[in-house]
Amino acid sequence: GATPLWGGRFASGPAEAMAALSVSTHFDWQLARYDIAGSRAHARVLHRAGLLSDTELPAMLAALDTLEADVVSGAFSPDPGDEDVHTALERGLLDRAGTDLGGKLRAGRSRNDQIATLFRMWLRDAARRVAAGTLDVVEALAAQAAQHPAAVMPGRTHLQHAQPVLLAHHLLAHGQALLRDVSRLRDWDKRTAVSPYGSGALAGSSLGLDPAAVAADLGFDAPVENSIDGVASRDFAAEFAFVVAMLGVNLSRIAEEVIIWTTAEFGYAKLDDAWATGSSIMPQKKNPDVAELMRGKSGRLIGNLSGLLATLKAQPLAYNRDLQEDKEPLFDSVTQLELLLPAMTGMMATLVFDTDRLAALAPAGFTLATDIAEWLVRQGVPFRVAHEAAGACVQAAEARGVGLEDLSDAELAGINAALTPAVREVLTVEGSIASRDAHGGTAPVRVGEQHQRLLGVLAEA
Ligand code: ARG
6 GATPLWGGRF
16 ASGPAEAMAA
26 LSVSTHFDWQ
36 LARYDIAGSR
46 AHARVLHRAG
56 LLSDTELPAM
66 LAALDTLEAD
76 VVSGAFSPDP
86 GDEDVHTALE
96 RGLLDRAGTD
106 LGGKLRAGRS
116 RNDQIATLFR
126 MWLRDAARRV
136 AAGTLDVVEA
146 LAAQAAQHPA
156 AVMPGRTHLQ
166 HAQPVLLAHH
176 LLAHGQALLR
186 DVSRLRDWDK
196 RTAVSPYGSG
206 ALAGSSLGLD
216 PAAVAADLGF
226 DAPVENSIDG
236 VASRDFAAEF
246 AFVVAMLGVN
256 LSRIAEEVII
266 WTTAEFGYAK
276 LDDAWATGSS
286 IMPQKKNPDV
296 AELMRGKSGR
306 LIGNLSGLLA
316 TLKAQPLAYN
326 RDLQEDKEPL
336 FDSVTQLELL
346 LPAMTGMMAT
356 LVFDTDRLAA
366 LAPAGFTLAT
376 DIAEWLVRQG
386 VPFRVAHEAA
396 GACVQAAEAR
406 GVGLEDLSDA
416 ELAGINAALT
426 PAVREVLTVE
436 GSIASRDAHG
446 GTAPVRVGEQ
456 HQRLLGVLAE
466 A
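The sequence shown begins at 6 in the UniProt record's numbering and counts up by one.
Written as structure tokens, this is what we have:
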């Protein structure tokens, strides 16, 4: 096996159970290429500080190139004896550069500042992939909205029929939430774009190395202000875990609606065969497994966030080995989203809405009652009185088992003299929807505008 990076003061190697507990290559190996990038940057500042000669620097960089090629091809991989990604790569470098040259690279850095830097780099790349996948879901929602510019549906509160809305309005509401998740990922990136490299174990480096040069080399905006904070802080990881958990929760709300919409009782929509599954016993079944996995895995993303926060709670400064527990939950959240986002995109893009059924259900449950009240307000009736009168209309219609639009002129006038036949202009779903024409409202002209603005955001994203 490999020798640990800290053998000098130890008379014996680690006990087997100690080594088994300590090893992290099974998950941190995916940081290998970031570690090699960090090593290249570190070699350059060692050279600038006069700690690698003009001939040593190119030899070191060449050895790192070979090592990277061998990592990518699989020719080099961790041994069971390698404690972590850094230990394994050190062994690989010593093999390729020789122990004299290879052994110089460890000067002025610690695994503590290395891991804090690599983890930020990995997450920043992951944030870009998750954002791109999320924008694909928004695009699918926008495409459905574009296919159904005039389709109406019952809007709900408390899951009860509330007021009719455009299907496009409802779909774009989900799009807005997802765009905020993308915006959160970008805000997060600004705060995370600082490099801990050069913090050393915690106190910084005495060797005249320039952390700003390493930061720029690795794509960061700046080095961290404080080396203790650089190695000890993981709020960037917790914040990322929150943003992706929030994304999962927003996606789970879409998923839940798809599950409900595709029931026989609702019948709002049908799943495409490619995005549904069958039953091993019931031949008729078509199950919304994508949506259910989305709903289920959103709980897992919440768990990853709360687990990480529990790990971080009350850790004294600076680095503690507890921090090694930061990576698996975040790797997992990203892995799950990379499976979920394309599936959610496919499912939403291919969902087939039954617009006739949606239209038939839109006025059910007296969803036009608010329109009667607001029409009366426009005639000068105080809202308190108007609300009473509209409620009385509902009571009368319900008693007769008819819709509000089926009340006769005489019945309407009997409830309130202001209820002239002209009220019928809002007693249709289309009239009701067209009347809600303030910014953000469900009138087709306003939904069309917000659709255009959302497409503008997507085009710039
Ligand atoms: N594997 C460690 C981690 O993931 C790297 C840093 C280890 N540092 C140490 N002093 N043992 O956090």
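Cβ coordinates follow ideal geometry from the N, Cα and C atoms, glycine included.
Remember, it's a predicted structure, so these values are computed and weren't measured experimentally.
(message) On the criterion of 16 or more Cβ atoms from any shown chain inside 10 Å, does residue 168 qualify as buried, or is it exposed?
(response) buried
(request) In the DSSP assignment, find the unbroken beta strand (DSSP E) run with residue 162 in it and report its ends. (result) Start and end: 157-162.
(message) Would you say the beta carbon of residue 116 is closer than 7 Å to some non-hydrogen atom of the ligand ARG?
(response) yes
(request) Starting from residue 412, trace the alpha helix (DSSP H) both ways and give me its first and last residue. (result) From DSSP, residue 412 is part of no alpha helix (DSSP H); its letter is neither H nor E.
(message) Is residue 281 close to chain B? Criterion is C-beta to C-beta, closer than 8 Å.
(response) You won't find chain B in this structure, because it holds only one protein chain.
(message) Which residue wins for smallest C-alpha separation from residue 100, given the options 68, 376, 126?
(response) Of the listed residues, the one whose Cα sits closest to residue 100 is 68.
(request) Would you list the one or two residues that DSSP bridges to residue 165? (result) 162
(request) Could you check what DSSP says for residue 358 in three-state terms: helix, strand or coil? (result) strand
(request) Take residue 123 and list the residues in its own chain whose beta-carbon comes closer than 7 Å to its own, dropping the five residues that flank it on each side. (result) Excluding residues within five positions, the ones whose Cβ falls inside 7 Å are 36, 39, 40, 43.
(message) Would residue 356 and residue 274 qualify as a contact pair, given that the criterion is a beta-carbon distance under 8 Å?
(response) yes
(request) Examine the Cβ distances between the segment 358-376 and the segment 277-285 and report whether three or more of them are shorter than 8 Å. (result) no
(request) Starting from residue 152, trace the alpha helix (DSSP H) both ways and give me its first and last residue. (result) 116-152
(request) Assuming residue 205 contacts residue 115 (C-beta within less than 8 Å), just tell me the rounded distance between them. (result) In this structure, residue 205 and residue 115 form a Cβ contact; the two beta carbons are roughly 5 Å apart against a cut-off of 8 Å.
(request) Would you mind giving the Cβ-Cβ distance between residue 199 and residue 229, rounded to the nearest angstrom? I have them listed as a contact below 8 Å. (result) 5 Å
(message) The alpha helix (DSSP H) that contains residue 452, what's its start and end?
(response) Looking at the DSSP string, the run of the alpha helix (DSSP H) that includes residue 452 is 449-465.
(message) Helix, strand or coil for residue 6? Go by DSSP, reduced to three states.
(response) With a pLDDT of 49 at residue 6, under the threshold of 50, the modelled position of this residue cannot be trusted; read the value that follows with caution. Of the three classes helix, strand and coil, the one that applies to residue 6 here is coil, per DSSP.
(message) Taking a contact to mean a Cβ-Cβ separation below 8 Å, would you say residue 263 touches residue 296 in this structure?
(response) yes
(message) Within 8 Å, do at least three Cβ pairs link the segment 305-314 to the segment 83-103?
(response) no
(request) Rounded to whole angstroms, what's the CA-CA distance from residue 461 to residue 92? Just pull it up for me. (result) 48 Å
(message) Measuring only the C-alpha atoms, how far is residue 359 from residue 195?
(response) 44 Å
(request) Examine the Cβ distances between the segment 287-307 and the segment 250-266 and report whether three or more of them are shorter than 8 Å. (result) yes
(request) Report the option in 431, 233, 31, 241 whose CA atom is closest to the CA atom of residue 193. (result) 241
(request) Check the C-beta distance from residue 81 over to residue 75 and give it rounded, since I have them as a contact under 8 Å. (result) 4 Å between Cβ atoms; contact.
(request) For residue 388, collect the residues of the same chain with a Cβ closer than 6 Å to its Cβ; drop the 5 residues on either side in sequence, then sort them by chain order. (result) 382
(request) Output the boundary residues of the alpha helix (DSSP H) element that contains residue 65. (result) 61-78
(request) Within 10 angstroms of the Cβ of residue 15, are there 16 or more other Cβ atoms? Answer buried if so, exposed if not. (result) It counts as exposed.
(request) Note down the Cα distance separating residue 6 from residue 85, rounded to an integer number of angstroms. (result) With a pLDDT of only 49 at residue 6, under the threshold of 50, the placement of this residue in the model should not be trusted, and no figure is reported.
(request) Return the CA-CA distance between residue 64 and residue 218, expressed in angstroms with no decimal places. (result) 20 Å
(message) With the cut-off set at 8 Å, would you say residue 433 and residue 403 are in Cβ contact?
(response) Cβ distance not < 8 Å, so residue 433 and residue 403 don't count as in contact.
(request) Name, in chain order, the residues that DSSP records as bridge partners for residue 199. (result) 227
(message) Just to confirm before moving on: does the CB-CB distance between residue 531 and residue 151 stay below 8 Å?
(response) Any answer about residue 531 is impossible in this case: the structure gives the chain only from 6 up to 466.
(message) Could you compute how far the alpha carbon of residue 29 sits from the alpha carbon of residue 62?
(response) If you take the alpha carbons of residue 29 and residue 62, they lie about 30 Å apart.
(request) Note down the Cα distance separating residue 57 from residue 109, rounded to an integer number of angstroms. (result) So the alpha carbons of these two residues sit roughly 8 Å apart.
(message) Checking 8 Å against the spacing of the C-beta atoms, do residue 245 and residue 344 come in under that value?
(response) No, Cβ-Cβ distance for residue 245 and residue 344 is not below 8 Å.
(request) Can you tell me which of the three DSSP states residue 325 falls into? (result) The answer is coil: DSSP assigns residue 325 none of H, G, I, E or B.
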